[in-house]
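A quick write-up on the structure given underneath.
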């Protein structure tokens, strides 16, 4: 199991203190002992504690699409991921990892 945390400001302006997000992810350390990472931009903060299972070396979350305008922090399993990955590649998506999490940003681009 991984752990995810985040904050969102509807005005898109608020900056969230990094130490606050690290306290949030720190409280989830028992859910993901292998990695901790945060992503921030004005109005958005995402943090993940990762239990590495798929693509241990490259599956650090949160993950974005190739342009960095769609982000995901995800806990779960995408069933039939190998087939979905091949479909995304056939539609010219650029996948940087073999982690099922990355597929979600591209599925969002295609399906909303």
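Numbering (the working numbering), first residue to last: 4 to 115.
Just so you know, even glycine gets a beta-carbon here, dropped at the ideal spot from N, CA and C.
The residues 67, 108, 111 and 112, in chain order, have a CB closer than 7 Å to that of residue 73 in the same chain once the five nearest residues on each side in sequence are set aside.
Note that the stretch 90-99 does not touch the stretch 30-41; fewer than 3 beta-carbon pairs, one per stretch, sit closer than 8 Å.
The three-state reading of DSSP puts residue 81 in coil, since its state is none of H, G, I, E or B.
Note on geometry: alpha-carbon atoms of residue 51 and residue 27 lie some 9 Å from one another. In the DSSP assignment, residue 43 is bridged to 48. DSSP places residue 29 inside the alpha helix (DSSP H), whose first and last residues are 21-29. Here residue 53 has 5, 35, 37, 38, 39, 40, 62, 63 and 64 as same chain residues with Cβ atoms under 8 Å from its own Cβ, once five neighbours each way along the sequence are excluded.
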